[in-house]
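Just below is one structure, and these are the notes that go with it.
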Amino acid sequence: MKVGLIGRPGSGKTTIFNMLTGLEAEVGGYTGGDKAEIHLGVIKVPDERIDRLSEIFQPKKTTYAEIRFTDFPATQGKETVKAAGDLLAQMREVEAMALVLRDFGPSADPLKDLADLLA
Numbered sequence: 282m283k284v285g286l287i288g289r290p291g292s293g294k295t296t297i298f299n300m301l302t303g304l305e306a307e308v309g310g311y312t313g314g315d316k317a318e319i320h321l322g323v324i325k326v327p328d329e330r331i332d333r334l335s336e337i338f339q340p341k342k343t344t345y346a347e348i349r350f351t352d353f354p355a356t357q358g359k360e361t362v363k364a365a366g367d368l369l370a371q372m373r374e375v376e377a378m379a380l381v382l383r384d385f386g387p388s389a390d391p392l393k394d395l396a397d398l399l400a
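The sequence shown lines up with residues 282 to 400 when you count with the numbering used here.
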C-alpha cells in the first residue's frame, strides 16, 4: 500500500513520517520553491498468520505486506508550474492520503487549517 502524508507547513508531517518509518528525515526545512524534497520510507507489516504459515510450509522466502509512505512537502504558493506539476504527478502514485493537521502550540486551530485546505 502507498500512503501520502499531506498538510500545511509545520503541521508535523515529517515528524509523523519519521515515527512511522524509523527514519530521520530533516523536519521543518522546506521553504517552498523548486527544491521540494519528497521523503520516501517503507515498513514491513508483521503478521502472526504469515509467521505461522511459514512455520508450517517452510518456504524459501517469507514476504510480509509493505506500506510505502511518501512525505510530501507543504506547498506555500511559491512553487513554479513545473514544481507543482511534478508534485501532483507524485501524488497520483499513492493509494491513500493522510492529512496531518497541527494541534499543538498556542495558535493551533486544526479546524481552520482543514477549512483552508479544503477551500
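Ideal Cβ placement from N, Cα and C applies to all residues, glycine included. Since this is a predicted model, take the numbers as computed values, not measurements.
Item                                                                                                                                                                        : Value
My understanding is that A355 touches P290, with C-beta atoms under 8 angstroms, so please give their C-beta distance in whole angstroms.                                   : 4 angstroms
Quick check: the Cα distance between K342 and K363, rounded to an integer number of angstroms?                                                                              : 42 angstroms
For the region 292-304 against the region 380-389, are there 3 or more C-beta pairs whose distance is under 8 angstroms?                                                    : yes
Considering only the alpha carbon of each residue, which of Y345, L399, V323, L321 lies closest to E329?                                                                    : Y345
Give, in chain order, every unbroken run of the alpha helix (DSSP H) that is at least 4 residues long and sits entirely within the region 316-391.                          : 329-338, 362-372
Pull up the DSSP beta-bridge partners for L286, would you.                                                                                                                  : D352, A379
With a threshold of 6 angstroms on Cβ separation, who are the neighbours of L392 within its own chain once the five nearest residues in sequence on each side are excluded? : none
Going by beta carbon distance, what residues of the same chain come within less than 8 angstroms of A241, once the five residues before and after it are set aside?         : Within the shown structure, residues of the chain are numbered from 282 to 400, placing residue 241 beyond reach of any answer.
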